[in-house]
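Working notes for the structure below.
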Amino acid sequence: MATVITIVIIAVILIAAGVAAYAWQRRRSDQLQQRFGPEYERTVEQSDDRRTAERELRQREQRRAKLDVQPLSTSSAEGYRQEWNALQQGFVDEPGNAVTEADYLVLRIMRESGYPVDEFDQRVDDISVDHPEVAQNYRQAHRVAVAQKRGQADTEELRQAVTAYRRLVDVLLVVPGPDGDDRDSSHRGPTQAKEQS
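Numbered per UniProt numbering, the sequence shown spans residues 1 to 197.
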């Protein structure tokens with residue numbers, strides 16, 4: 001009888017441990033999914049294995065935590081915003097050149113902010129931790145910039161690339177306001193910024 005009771009107790013403990021482990025894993029998955037949003041889905045889809053994808057996303061977080069990424073100063077962000085505005089205006093006459101300049105401008109902004117910029121795939125992984133909503137925009141825009149250098153991008157692709165770069169530049173140029181809230185360097189309110197996107 002004592003053996004049966006012991007077996008039942010062990011079984012209950014094992015079941016409880018299994019339920020707790022599942023709940024803990026589910027909570028971690030939910031947290032990653034909320035943090036990375038579309039980037040979570042993309043990573044899971046590419047790896048065909050949720051655990052591998054989640055491990056990769058956690059590694060991105062750990063790597064990003066070691067970087068000293070700082071918001072740009074207001075004056076620096078405003079300078080980049082002016083460059084961006086000039087670049088957009090130049091798109092009509094030289095769309096290919098505008099995309100090449102946009103790619104380089106993003107690189108400069110990221111470097112000044114403290115992101116390592118040596119390798120594109122690592123750059124986009126790093127930016128995906130802070131700004132997962134624009135990581136795919138960066139991939140798409142950079143792909144067009146590379147195609148443009150080979151003479152393989154049409155005007156519509158170039159237009160879409162500049163639009164994608166604009167989304168990335170908008171989040172990179174956000175500077176902390178005096179009350180700690182984020183604002184972009186053009187001083188547009190959140191509603192205005194969304195309307196112009």
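From the three backbone atoms N, C-alpha and C, an ideal C-beta is built for every residue, glycine too.
How many angstroms separate the CA atom of ARG64 from the CA atom of GLU119?
15 Å
If you run the structure through DSSP and keep just helix, strand and coil, what is residue 258?
Missing from the structure shown is residue 258; the chain here goes from 1 to 197 and no further.
Taking the C-alpha atoms as reference points, what is the distance between ILE109 and ARG51?
33 Å
So, using beta-carbon positions, are ARG81 and VAL134 closer together than 7 Å?
no
Check whether the Cβ atoms of ASP103 and ALA164 lie closer than 7 Å to each other.
no
Starting from the Cα of VAL99, find the closest Cα among LEU173, ARG111, LYS149, GLN62 and give me that residue.
LYS149
If you draw a straight line from the C-alpha of SER29 to the C-alpha of GLU61, how long is it?
14 Å
List the whole-angstrom C-beta distance separating PHE36 from PRO132, where the pair is believed to meet the contact cut-off of C-beta under 8 Å.
5 Å
For ALA153, three-class secondary structure by DSSP:
coil
Local Cβ density within 10 Å of ASN85, reported as buried at 16 or more and exposed below that:
exposed
What does a CB cutoff of less than 8 Å around PRO116 pick up in its chain, not counting 5 residues either side in sequence?
LEU67, GLN122, ARG123, ASP126
From VAL129, GLU101, GLU112, VAL106, pick the residue whose C-alpha is nearest to that of TYR40; which is it?
VAL129
So, using beta-carbon positions, are LEU57 and LEU32 closer together than 7 Å?
yes
Measuring alpha carbon to alpha carbon, tell me which of LEU72, GLN70, THR43 ends up nearest GLN59.
THR43
What runs of the alpha helix (DSSP H), each 4 residues or longer, lie entirely inside the stretch 80-154?
95-113, 120-130, 132-149
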